[in-house]
Amino acid sequence: MSDLQNNIEKLETYLAHFRETGVLNQIGGKACPAASGATFETTSPVDDSLICQVARGDAADIDAAARAAKDAFPAWRDMAATDRKKILHKIADGIVARAEEIAFCECWDTGQALRFMSKAALRGAENFRFFADKAPSARDGQALPSPTLMNITTRLPIGPVGVITPWNTPFMLSTWKIAPALAAGCTVVHKPAEFSPVTARILMEIAEEAGLPKGVWNLVNGLGEEAGKALTEHPDIKAIAFVGESRTGSMIMRQGAQTLKRVHFELGGKNPVIVFDDADLDRALDAAIFMIYSLNGERCTSSSRLLVQDTIADEFETKLVERVNNIRVGHPLDPKTEIGPLIHKTHFDKVTGYFETARQDGATIAAGGTRVGTEGCFVRPTLFTGANNAMKIAQEEIFGPVLTSIRFGSEEEALQIANDIPYGLTGYVWTNDLTRALRFTNGLEAGMIWVNSENVRHLPTPFGGVKASGIGRDGGDWSFEFYMEQKHIGFATGQHAIPRLGA
Ligand code: NAD
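Everything in the sequence shown is counted per the working numbering, starting at 53 for the first residue and increasing by one.
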């Protein structure tokens, strides 16, 4: 039996209980359907087949979940941080134990290739371990003595929080948001994306099996405009950690205004990879290809705009075309596959619509630009050349395996093009001129920049974007800044003069 056939058989065993029960919500430690009894379908982008029904939660389910999170908050907040740490490590152990199941289900639900999803599951475990280890120091503060007072600061968890996640690498991103919230002492209501609900349910099961007290983490599936909206408007939810599109971020800000929600947004990107002619061009080529065509290009940090210096552009683009045409599109559970199907028919239509846009814009489709087969959401990895930065294919987030190549002459022009975009998530700079690298990164409008490297995530570093790419930072202590409130307490050290009114 081939690896693929073997994996498909295993997948069925992993999906069996979802086929039977559907994806349920979890409120106050109980698995439950939506209060209304409504469901929606989740389908696989491999062949458009039904995976299972999913509970379609609405405002009533969100209310029940928010109450459960509120009730569970005092005990979780007051639990010794060393005990919280142990539980979070047990969750990480549980993820490792079910890593294959998570990866297989994620591949089938999202279309992501197994070669990346097996690592994404393990990265989820690392996220839990990293924040577990930080839990005991989460409340640490400073001593800021003044002449009359001993001023100290400490941090306290903000309360029950809402976490809203997208469908791209949904498992890993859920752990990335939820682990620091729990480590900080917050309780959680999680609303996963409707296109990819399966692994969020597995994660929830792992957490409660690891001994997480009931109600500390609640799961409500549903549509963005129903369950998601209700979560952002709920008065008992103190903050919303959101990952998704920029325009959804705007909606959430409006929805949360009435209850003065604290928000943390990780939003869209149209990130430049800038290749100067003095760079190590072989490494730049590998990195540029990896950063747009891995994870089906459905990646917020993807380098979707290639800015290449005109002196090397012909040679660079020729090599690029050759490599892009060699990328293996196939079944996500085939270990050899490099690109699987796009998440859903709706997204497939959006991405393939840009092939026509490129033609209308006057760009050249140098590679790809077609669908693959007649079933499912498969597309050829695509390269647009002859583009300029004013074109839609250069300005809009396509969020697929589609790269737009733009040529530049000087460093000044490269910087101008790189910054001429509403987004500012990441940038990738390739040059061997150190002074230029310093100057260029200083001017580049992005929250995260890598020089002579692809995106290599290091958990203690800040993760987030500027402009329309986000508000706030995750990673290291920055995550705790969001999920916790600073508190200042001043103790008089003597009998300083107190102004006496009416004496
Ligand atoms: P999306 O904004 O459509 O949906 C994200 C989540 O928001 C889903 O759970 C959805 O149900 C919910 N939602 C939708 N409308 C809502 C509303 N009115 N109120 C509350 N919740 C609502 O995004 P998507 O299409 O699922 O994900 C792709 C996007 O996510 C891309 O733009 C990508 O760049 C971005 N993203 C950003 C990062 C980052 O770190 N910056 C990481 C991953 C993805």
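The C-beta atom is built at its ideal place from N, Cα and C for all residues, glycine as well. The model shown is predicted, which means the values in this text are computed figures rather than measured ones.
* To do: For the alpha helix (DSSP H) holding L333, just list the boundary residues, first then last.
  => Per DSSP, the continuous alpha helix (DSSP H) segment holding L333 begins and ends at L333 to Y345.
* Asked: Using the C-alpha atoms, what's the distance from E158 back to P212?
  -> Each residue's alpha carbon lies about 27 Å from the other.
* Any chance the CB of E497 is under 7 Å from a heavy atom of the ligand NAD? -> Taking 7 Å as the cut-off, one finds no heavy atom of the ligand NAD near enough to the beta carbon of E497.
* Asked: Does at least one heavy atom of the ligand NAD sit under 7 Å from the Cβ of N220?
  -> Yes.
* Asked: Is the beta carbon of S521 within less than 7 Å of some heavy atom of the ligand NAD?
  -> Here the distance from the Cβ of S521 to the nearest heavy atom of the ligand NAD is below 7 Å.
* Just checking my contact of R351 with N220 at CB under 8 Å: how many whole Å lie between their CB atoms? -> About 6 Å separates the beta carbon of R351 from that of N220, a gap short enough to meet the 8 Å contact definition.
* Asked: Within 10 angstroms of its Cβ, does D288 collect 16 or more other Cβ (buried), or is it exposed?
  -> Looking at its Cβ environment, which holds 16 or more other Cβ atoms inside 10 Å, D288 is buried.
* **Nearest-angstrom Cα separation, counted from E464 out to L140** => Each residue's Cα considered, the two are about 48 Å apart.
* On the three-state DSSP scale, how would you describe Q57? -> Helix.
* Asked: How far does the beta strand (DSSP E) with K290 in it reach, from first residue to last?
  -> Unbroken run through K290: none, as it is neither H nor E.
* Buried versus exposed, by CB contacts within 10 Å (16 or more), D161 -> Under this definition D161 is a buried residue.
* Asked: Around the C-beta of K539, are 16 or more other C-beta atoms found within 10 angstroms, so that it is buried, or is it exposed?
  -> With fewer than 16 Cβ atoms within 10 Å of its Cβ, K539 is classed as exposed.
* Asked: Thinking C-alpha only, which one of P514, L455, G554 and A233 is nearest A415?
  -> Nearest option by C-alpha distance: L455.
* To do: Please look up how many angstroms separate the CB atoms of D332 and Q361, rounded, as I've assumed it's under 8 Å.
  => Between Q361 and D332 the Cβ distance is about 14 Å, and since that is not below 8 Å, they are no contact.
* How many angstroms separate the CA atom of M343 from the CA atom of T409? -> M343 and T409 have their alpha carbons spaced roughly 23 Å apart.
* Asked: Is the beta carbon of N318 sitting closer than 8 Å to the one on G522?
  -> For the sequence presented, residue 318 should be read as Glu rather than Asn. Closer than 8 Å, so yes.
* To do: Taking V98 as the reference, give the member of C429, F492, K229 and T437 with the closest Cα.
  => If you compare the alpha carbons of C429, F492, K229 and T437 with that of V98, the shortest gap goes to C429.
* To do: Name the residue from D192, V215, G74 and S248 whose alpha carbon lies nearest to the alpha carbon of T239.
  => Ranking the options by Cα distance to T239, first place goes to V215.
* Asked: Using 8 Å as the threshold, is the stretch 382 to 393 in touch with the stretch 355 to 373, meaning 3 or more CB pairs across them?
  -> Touching, no, given that fewer than three Cβ pairs across the two stretches are closer than 8 Å.
* Taking one C-beta from the stretch 141 to 151 and one from the stretch 255 to 266 each time, how about it: are there three or more such pairs within less than 8 Å? -> Verdict: yes, contact present.
* Consider the Cβ of E497: report whether some Cβ of chain B lies at a distance smaller than 8 Å. => No chain B appears in this structure, which consists of one protein chain only.
* Asked: G425: which of L67, D100, R314 and R71 sits nearest, CA to CA?
  -> The shortest C-alpha separation from G425 is found at D100.
* Same chain only: Cβ atoms within 6 Å of N59, ignoring 5 sequence neighbours per side -> Only L385 meet the Cβ criterion.
* To do: Evaluate the contact criterion for the stretch 279 to 286 versus the stretch 299 to 319: three or more CB pairs, one atom per stretch, below 8 Å.
  => A contact exists between the stretch 279 to 286 and the stretch 299 to 319.
* Please state if the CB of I103 and the CB of T95 are separated by a distance shorter than 8 Å. => Taking 8 Å as the Cβ cut-off, T95 and I103 qualify as a contacting pair.
* **Simplified DSSP state of W128, which is helix, strand or coil** => The answer is helix: DSSP assigns W128 an H, G or I state.
* Kindly provide the ranges of any alpha helix (DSSP H) runs that are 4 or more residues long and lie completely inside the stretch 108 to 172, ordered along the chain. => Here the runs fully enclosed are 111 to 130, 133 to 149 and 151 to 162.
* Assign S457 to one of three DSSP states: helix, strand, or coil. => DSSP, read as helix, strand or coil, puts S457 in strand.
* For the beta strand (DSSP E) containing M536, list its first residue and its last residue. => That run of the beta strand (DSSP E) goes M536 to A544.
* Quick one: what does DSSP say W269 is sitting in, helix, strand or coil? -> The answer is strand: DSSP assigns W269 an E or B state.
* Is the stretch 502 to 520 close to the stretch 472 to 490, with three or more CB pairs under 8 Å? -> They touch, by the three-pair rule.
* Just how far apart, CA to CA, sit K138 and R191? -> Each residue's Cα considered, the two are about 17 Å apart.
* For F70, which three-state DSSP category applies? -> For F70, the three-state secondary structure derived from DSSP is helix.
* Helix, strand or coil for I550, going by three-state DSSP, please let me know. => If DSSP states are grouped into helix, strand and coil, I550 belongs with coil.
* In this structure, does DSSP put W219 in helix, strand or coil? -> Note: W219 maps to coil in three-state DSSP.
* Asked: Would you report the Cα separation of L486 and F492, rounded to the nearest angstrom?
  -> Annotation: L486 to F492 spans about 10 Å, alpha carbon to alpha carbon.
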